[in-house]
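> The following block contains the structure, expressed as structure tokens.
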Amino acid sequence: MRSLPVSLVRQYCFCPRVPYFMERRNLRPPTPLWVKQGKKFHVDLQSINSSRTFKYLKWDNALIQSEVSLSSSDYGLHGIADCVLVKGSRVAILEFKISSRYLEHRGYRLQCAAYAMLAKQQYKAESVECFVGRDVRSMKKFSISNELYQDVLDVRGLLDQVISHDLLPETSASLRQCDQCEFNGFCGDRE
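In the numbering used here, the protein residues as written are 4 to 194.
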């Protein structure tokens, strides 16, 4: 099974056409401003995180790893988690998001669940917790259910379908989503 980036799971939830344009058509439009802002945000956080104890999250004395590469040939997914905390057989995924509405979006939830799946396998962890927020103080614990894990696998299967066919997939994206999409000019069927 071909390995795909976890970010495509999130992108598929935004609009199935994004992974189609990226993977099937190999289009690479200019990087939007908010992506550049997010990358800078992560670089700034990396230096801060190395000195934290994460006691606030009840993960003090954990091994702290930033920008952790995770992968699984079983799931056909790979990606880079913002921060991984390891304490014995327990692992925590920390995802930093600029937006305060991150958990409202299915794509963000599935991204966290995918990282949890990969980390659980890679670290042979008994349990994985996920936290999402703008910084450590704003982190919200995010529960990962078996249904969410299954949703990740379902979207992974849908990604294979989208990428393997020449037909432009249907979209459920709103016009607002289309307006902010870097592939806006490629669809031709949206106003």
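Ideal Cβ positions, reconstructed from N, Cα and C, are used throughout, including at glycine.
Within 10 angstroms of the Cβ of Gly-136, are there 16 or more other Cβ atoms? Answer buried if so, exposed if not.
Per the 10 Å Cβ criterion, buried.
> As a quick exercise: from Gln-183, Cys-86 and Leu-161, pick the residue whose alpha carbon is nearest that of Pro-22.
For the residues Gln-183, Cys-86 and Leu-161, the minimum Cα distance to Pro-22 belongs to Leu-161.
> At which residue ranges does the region 138-190 contain complete alpha helix (DSSP H) runs of 4 or more residues, listed in the order of the chain?
Within the region 138-190, the complete alpha helix (DSSP H) runs of at least 4 residues are 149-167, 178-183 and 187-190.
> According to the neighbour-count rule (16 or more other Cβ atoms, all chains shown, within 10 Å of its Cβ), is Met-120 buried or exposed?
So Met-120 counts as buried.
> Determine the direct distance from the alpha carbon of Asp-63 to that of Leu-7, and round the result to whole angstroms.
Their backbone Cα atoms lie some 33 Å apart in a straight line.
> Excluding sequence positions up to five away, which residues of its chain have a Cβ less than 6 Å from the Cβ of Glu-132?
Ala-95.
> Here's the rule: buried if 16 or more other CB atoms are within 10 angstroms of the residue's CB, otherwise exposed. What is Lys-144?
With fewer than 16 other Cβ atoms within 10 Å, it is exposed.
> From the DSSP secondary-structure annotation, give me the bridge partner or partners of Pro-8.
Its beta-bridge partners are His-81.
> According to the Cβ coordinates, are Arg-93 and Ala-122 closer than 8 Å?
No, the Cβ-Cβ distance between Arg-93 and Ala-122 is not below 8 Å.
> Return the chain-ordered list of same chain residues with a C-beta closer than 8 Å to the C-beta of Ile-83, the five sequence neighbours on each side being excluded.
Closer than 8 Å at Cβ, skipping near neighbours: Glu-70, Val-71, Ser-72 and Leu-73.
> Determine whether the beta carbon atoms of Phe-24 and Phe-186 lie at a separation below 8 Å.
Going by C-beta atoms, Phe-24 is nearer than 8 Å to Phe-186.
> For Ser-76, which of Val-139, Arg-112, Asn-149 and Leu-156 has the nearest alpha-carbon?
The residue with the shortest Cα to Cα distance from Ser-76 is Leu-156.
> Three-state secondary structure (DSSP) at Lys-61?
The answer is coil: DSSP assigns Lys-61 none of H, G, I, E or B.
> State the beta-bridge partners of Ala-122 as determined by DSSP.
Ala-122 pairs with nothing; no bridge assigned.
> To which residues of the same chain is Gln-68 closer than 6 Å at the C-beta, ignoring the five residues directly before and after it?
The answer, listed in chain order, is Val-87.
> Using a Cβ-Cβ cutoff of less than 8 Å, which residues in the same chain neighbour Leu-220 once the five nearest sequence positions on both sides are dropped?
An answer regarding residue 220 cannot be provided, because it is not within the stretch 4 to 194 covered by the chain.
> Quick check: Tyr-78 and Arg-140, are their CB atoms within less than 8 Å of each other?
Cβ distance not < 8 Å, so Tyr-78 and Arg-140 don't count as in contact.
> What are the start and end residues of the beta strand (DSSP E) that includes Leu-73?
Its beta strand (DSSP E) spans residues 66-75.
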